[in-house]
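Novice: Line order of the protein sequences matches chains A and B. Position one of the first sequence corresponds to residue 733 (the working numbering), numbered consecutively onward. Position one of the second sequence corresponds to residue 41 (the working numbering), numbered consecutively onward. Glycine included, every Cβ here is placed at the ideal spot set by N, Cα and C. Model, not experiment: these values are computed from the prediction. To start, I am sharing the structure in question, which I have written as structure tokens.
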Amino acid sequence: MPSSRSKKPQKAAATAAVQAVVTLRPESWLDESDAKASRADQVAQRVLDRVRQKCGTEPERVKVFSNIGSISIAAEQRFIDQLAAEPEVLRADPNIQQESMKIEPRRKREVDFHGKTKKR
Amino acid sequence: MTTPLIESELDSTGVAQVIVILKTPGAATSLASAAGDKKRISAHFRSSEMSMNSQIAEAGVKKAGGFLASAAAAKSVKAPPPVRYYPNLGIALGTVDRAGLAALEKDPDVATVTGAPPISPIWPEHVAAAKAPKDLTWGLKALRVEALWNAGYTGKGVRVGHLDTGFDGNHPMAKGAVLKFAEFDLFGDLKSPAPKAYDTDDHGTHSGITIAGRAAGNRHAGVAPEARLLSAIVIEGGNALARVLGGIDWALGEGMQVLSMSLGFRGWWDNFVPIMAVLRARNVLPVIAVGNEGPGTSRSPGNYPNVLSVGAMDENGRVANFSSSQSFARQQRPNVPYLVAPGVDIISAKPGGGYQSMDGTSMATPHVAGLAALLYQANPNASVAEVENAILGSCTLRPGMRPSRAGAGCPDAVKALKLLTGVDVTAKPKVKPKTKKKSKKAKSKAKAKAKKAGAPRPTKSARSAARPGRKAKGRKKRA
């Protein structure tokens with residue numbers, strides 16, 4: 733039975749920036765009856781402000797995905813760890829993955845429209 | 041003995057065009073060569089103003105009343121011979137008057153004299169531009185999408201999110217397919233200005249054209265040839281999760297109704313679970329490839345219960361060996377994939393022009409995404425569950441397909457449309473009975489009857505309105 737392999741962002745030197753993707757709990761920002769994404773922005777800003785105050789540091793870079801309630805962030809590990817612990821946050825994952833998501837085709841060949849292999 | 045045709049011509053013009061059938065085929069030859077006999081037969085014919093006028097008409101000179109317009113015009117046209125002989129056919133063709141006709145009928149070498157009516161073409165009843173039959177890939181035929189196209193369901197107005205390696209917007213099949221194109225950096229930020237649609241690989245062009253490729257001539261590779269892609273580069277050049285999330289976020293903001301993702305991490309990764317939940321909450325159907333690693337494997341998010349997980353089948357209706365499938369310990373949809381679609385030997389566009397055949401669940405997924413686009417056009421207000429249920433409900437397991445490998449089987453566009461909308465595109469339309477047009481005689485009879493019955497005569501304006509195109513005859517002003 734496969735298990736969830738939610739990895740925490742890699743621990744590095746305390747001051748080195750770590751790239752992570754943080755997912756907000758949908759119930760904290762999503763109103764199914766309202767398609768507007770402004771609540772995700774508001775919730776993300778509120779949480780980030782809280783962590784700024786707690787850590788006393790600023791993230792290097794922040795990108796809020798307003799429509800899906802996620803945040804791409806580059807910050808100190810301590811900042812990321814604190815962010816992941818906030819009640820509005822569902823999970824934090826490392827941004828850079830070891831493998832590509834591309835599903836390679838099993839077979840590939842250049843053909844004419846009727847499937848005849850083209851001679852090079 | 042004259043025929044009605046000859047008699048009619050003689051009455052109206054004094055001459056008639058006749059075909060003279062000679063008694064022996066050799067007679068025509070001998071007549072053509074024998075000066076004496078030829079002279080005798082030829083004497084029965086005469087030069088005719090009719091034949092002269094046809095020559096003049098060919099010369100482009102106006103004629104008045106069917107006769108020579110002017111002496112000058114007549115002089116400019118060479119007089120045709122009164123009779124022409126066709127030795128191999130044994131006939132002569134020419135113009136005669138009554139005296140000449142009588143003489144021909146008595147001539148010992150003449151078998152029959154018959155009229156020579158003008159030959160006219162047999163005009164076609166109906167003319168339409170020739171249409172070459174459509175040339176469809178096997179996948180499109182297997183899904184029966186052409187029946188939906190013929191009924192007007194082409195995906196028009198539907199936006200499909202296409203997140204992949206990119207898309208070659210210059211391919212002949214790509215013309216008009218891309219509504220918007222985007223590229224994201226590793227942090228998930230949108231690159232600005234947005235580049236023109238291009239592919240960093242060939243995977244994206246292939247999958248994108250299968251969703252919404254336009255016809256190239258009569259060749260079709262796209263399931264929904266009028267759907268519009270929101271296409272973005274989210275993979276290759278760095279394995280960044282934020283790129284994919286950036287693409288999903290962007291496409292959602294641009295109003296996608298279907299998400300086609302031929303992407304996934306091997307095994308189970310739950311990082312996309314809340315994202316897929318958000319998409320469904322926003323009425324977006326996520327159509328995701330299950331993976332190419334064979335039985336007992338799957339990829340995330342293609343193995344989630346809240347997406348439409350797609351495996352691959354071949355043209356013979358068999359699940360492809362490489363198509364992933366897996367069972368999970370969960371109550372909701374424990375077995376993936378949920379259906380299979382054409383994914384072996386799939387011909388689609390190649391970046392730079394031309395075509396490629398590819399095998400993969402990445403090829404099967406856009407078939408289903410395109411089908412969803414057709415259904416969303418048919419019912420724009422349908423919920424994601426309704427569209428998904430229509431697709432799954434239309435599936436059939438082909439002989440030899442096991443549910444553990446094929447899910448519900450292969451979808452059928454015709455059935456899916458009927459399940460969603462009740463519309464059966466294969467039903468024959470009712471034929472209206474033909475109404476008999478009244479002849480002129482019948483119309484005038486009816487008019488006379490109405491007059492007798494004392495019906496008021498229609499006003500002048502009413503009569504004009506009943507006969508559009510005819511100029512009203514006004515009174516001439518007196519000088």
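With a floor of 3 residues, list each beta strand (DSSP E) that falls wholly inside the region 251-335 of chain B, ordered by position along the chain.
Specialist: Fully enclosed beta strand (DSSP E) runs of 3 or longer: 268-273, 298-301 and 325-329.
Novice: ALA360(B) and ARG838(A) - do their beta-carbons sit closer together than 9 Å?
Specialist: Translated into positions along the first sequence, residue 838(A) becomes position 106. Translated into positions along the second sequence, residue 360(B) becomes position 320. Closer than 9 Å, so yes.
Novice: So which residues of chain B does ASP844(A) contact, with C-beta pairs closer than 9 Å?
Specialist: What you label residue 844(A) is simply residue 112 of the first sequence in a count that begins at 1. Under the 9 Å cutoff, chain B gives ILE387, GLY394 and TYR395.
Novice: Residues of chain B with a CB under 8 Å from the CB of LEU815(A): which are they?
Specialist: Position 83 of the first sequence, counting from 1, holds the residue named residue 815(A). Chain B residues near LEU815(A): none, gap ~15 Å exceeds 8 Å.
Novice: By the 10 Å Cβ neighbour count, where 16 or more other Cβ atoms means buried, how is VAL58(B) classified, buried or exposed?
Specialist: Along the second sequence, read from residue 1 onward, the residue named residue 58(B) stands at position 18. When all chains shown are included, VAL58(B) counts as buried.
Novice: Which residue marks the beginning of the beta strand (DSSP E) containing SER52(B), and which one marks its end?
Specialist: Counting from one through the second sequence, the residue named residue 52(B) turns up at place 12. Looking at the DSSP string, SER52(B) is not in any beta strand (DSSP E); the run it does join, the alpha helix (DSSP H), is 44-53.
Novice: Does any residue of chain B bring its CB to less than 9 Å from the CB of VAL775(A)?
Specialist: Looking up residue 775(A) in the first sequence gives position 43. Output row for VAL775(A): interface = no.
Novice: Among the residues of its own chain, which have a CB less than 6 Å from the CB of VAL408(B), if the five just before and after it don't count?
Specialist: In the second sequence, counting from the first residue as 1, residue 408(B) sits at position 368. Hits under 6 Å: VAL327, VAL350 and ALA381.
Novice: Would you mind sorting GLN809(A) into buried or exposed? The rule is 16 or more other CB atoms within 10 Å of its CB.
Specialist: Counting from 1 along the first sequence, the entry for residue 809(A) is found at position 77. Burial call: buried.
Novice: Is the shortest distance between the beta-carbon of THR789(A) and the beta-carbons of chain B less than 9 Å?
Specialist: Counted from its first residue, the first sequence places residue 789(A) at position 57. Chain B, which has no Cβ nearer than 9 Å to the Cβ of THR789(A), makes this no.
Novice: Give me, in chain order, the residues of the same chain whose beta-carbon lies closer than 6 Å to that of TYR416(B); leave out the 5 immediate sequence neighbours on both sides.
Specialist: Indexing the second sequence from 1 puts residue 416(B) at position 376. Here the set comprises VAL198 and GLN297.
Novice: Check whether the region 782-796 of chain A touches the region 247-266 of chain B, taking contact to mean three or more Cβ pairs, one atom from each stretch, closer than 8 Å.
Specialist: No, the region 782-796 of chain A is not in contact with the region 247-266 of chain B.
Novice: Rounded to whole angstroms, how far is the Cβ of LYS753(A) from the Cβ of ASP825(A), which I believe are closer than 8 Å?
Specialist: For the purposes of this step, residue 753(A) is taken as the residue at position 21 of the first sequence. For the purposes of this step, residue 825(A) is taken as the residue at position 93 of the first sequence. The sequence as given places Val at residue 753(A); Lys does not occur at that position. Confirmed, Cβ separation roughly 5 Å.
Novice: Looking at chain A, is there any beta carbon in it that lies within less than 9 Å of the beta carbon of THR154(B)?
Specialist: Within the second sequence, residue 154(B) is the residue found at index 114, counting from 1. Not closer than 9 Å to any Cβ of chain A, the Cβ of THR154(B) fails to qualify, so no.
Novice: Would you grab the beta carbon distance between LYS236(B) and PHE221(B) for me? Rounded to a whole angstrom, and I think it's under 8 Å.
Specialist: Position 196 of the second sequence, counted from the first residue, corresponds to residue 236(B). Position 181 of the second sequence, counted from the first residue, corresponds to residue 221(B). Correct: roughly 7 Å between the Cβ atoms.
Novice: Consider the C-beta atom of SER349(B) and the heavy atoms of the ligand ADP; say whether any pair is separated by less than 8 Å.
Specialist: As presented, the structure is devoid of all ligands, the ligand ADP included, so that no description of it is given.
Novice: Taking CB distances under 9 Å as the criterion, tell me whether GLN725(A) reaches chain B.
Specialist: Residue 725(A) lies beyond the stretch modelled for chain A, which goes from 733 to 852, so this question has no answer here.
Novice: Grab the span of the beta strand (DSSP E) containing PHE797(A) for me, first residue to last.
Specialist: In the first sequence, the residue the question calls residue 797(A) occupies position 65. That run of the beta strand (DSSP E) goes 793-797.
Novice: So GLN57(B) is in the beta strand (DSSP E); what residue range does that whole segment cover?
Specialist: As a position in the second sequence, residue 57(B) is number 17, starting the count at 1. Where GLN57(B) is concerned, the enclosing beta strand (DSSP E) stretches over 56-62.
Novice: Report the neighbours of PHE362(B) on chain A: residues whose CB is nearer than 7 Å to its CB, in chain order.
Specialist: Here residue 362(B) refers to the residue found at position 322 of the second sequence. ARG838, listed in chain order.
Novice: Report buried or exposed for GLU831(A), applying the criterion of at least 16 other Cβ atoms within 10 angstroms of its Cβ.
Specialist: The residue given as residue 831(A) occupies position 99 in the first sequence. With fewer than 16 other Cβ atoms within 10 Å, it is exposed.
Novice: Determine the extent of the beta strand (DSSP E) in which GLU790(A) is found, giving its start and end residues.
Specialist: As a first step, residue 790(A) is located in the first sequence; it is residue number 58 there, counting from the start. Note, GLU790(A): premise wrong, no beta strand (DSSP E); not H, not E.
Novice: With the cut-off set at 9 Å, would you say SER300(B) and HIS202(B) are in Cβ contact?
Specialist: The count along the second sequence starts at 1 and reaches residue 300(B) at position 260. The count along the second sequence starts at 1 and reaches residue 202(B) at position 162. Cβ atoms of SER300(B) and HIS202(B): closer than 9 Å.
Novice: Is it true that the CB of PHE207(B) sits closer than 9 Å to the CB of GLY179(B)?
Specialist: Against the second sequence, residue 179(B) aligns to sequence position 139. Against the second sequence, residue 207(B) aligns to sequence position 167. No, they are not a contact pair.
Novice: With H, G and I counted as helix, E and B as strand and the rest as coil, what does DSSP make of ALA361(B)?
Specialist: As a position in the second sequence, residue 361(B) is number 321, starting the count at 1. According to the sequence as given, residue 361(B) is Asn; it is not Ala. In the structure shown, ASN361(B) sits in coil (DSSP, three-state: anything other than H, G, I, E or B).
Novice: Identify the contact partners of GLN829(A) in chain B, using a Cβ-Cβ distance below 8 Å as the criterion.
Specialist: In the first sequence, the residue the question calls residue 829(A) occupies position 97. ASN279, ALA280, LEU281 and PHE305, listed in chain order.
Novice: Quickly, what does DSSP pair ARG823(A) with across the bridge? List them, please.
Specialist: As a working note, residue 823(A) is residue 91 in the first sequence. Partner(s): THR755(A).
Novice: Buried or exposed, going by whether 16 or more other CB atoms sit within 10 Å of the CB of VAL454(B)?
Specialist: Here residue 454(B) is taken as the residue at index 414 of the second sequence, counted from 1. It counts as buried.
Novice: At the 9 Å Cβ level, is ALA806(A) part of the contact set with chain B, yes or no?
Specialist: Taking the first sequence and counting its residues from 1, one reaches residue 806(A) at position 74. Yes, because at least one Cβ of chain B sits closer than 9 Å to the Cβ of ALA806(A).
Novice: Does any residue of chain A have a CB that is nearer than 9 Å to the CB of ASN210(B)?
Specialist: If you number the second sequence from 1, residue 210(B) lands on position 170. So, not an interface residue.
Novice: Just how far apart, CA to CA, sit ARG320(B) and LEU822(A)?
Specialist: Translated into the one-based positions of the second sequence, residue 320(B) becomes position 280. Translated into the one-based positions of the first sequence, residue 822(A) becomes position 90. Approximately 18 Å, taken between the alpha carbons.
Novice: Please list the terminal residues of the continuous alpha helix (DSSP H) segment that includes LEU226(B).
Specialist: Numbered from 1 along the second sequence, position 186 holds the residue referred to as residue 226(B). Counting along the chain, LEU226(B) falls outside any alpha helix (DSSP H), and DSSP gives it neither H nor E.
Novice: Is DSSP giving VAL380(B) helix, strand or coil here?
Specialist: Taking the second sequence and counting its residues from 1, the one referred to as residue 380(B) is at position 340. Correct three-state label for VAL380(B): strand.
Novice: Which residue's Cα is closest to the Cα of ASN332(B): PHE305(B), LYS481(B) and LEU226(B)?
Specialist: Taking the second sequence and counting its residues from 1, one reaches residue 332(B) at position 292. Comparing Cα positions, the closest option is PHE305(B).
Novice: For chain A, find out if any of its Cβ atoms is closer than 9 Å to the Cβ of GLY351(B); answer yes or no.
Specialist: Here residue 351(B) corresponds to residue number 311 of the second sequence, with the count starting at 1. It does not: the Cβ of GLY351(B) has no partner Cβ on chain A nearer than 9 Å.
Novice: Using C-beta distances below 8 Å, list every residue in its chain close to ILE81(B), excluding the 5 sequence neighbours before and after it, in chain order.
Specialist: Here residue 81(B) corresponds to residue number 41 of the second sequence, with the count starting at 1. For ILE81(B), where only same-chain residues beyond five positions count, the Cβ hits under 8 Å are VAL60, LEU71, VAL123, ALA132, LEU144, ASP147, ASP149 and VAL150.
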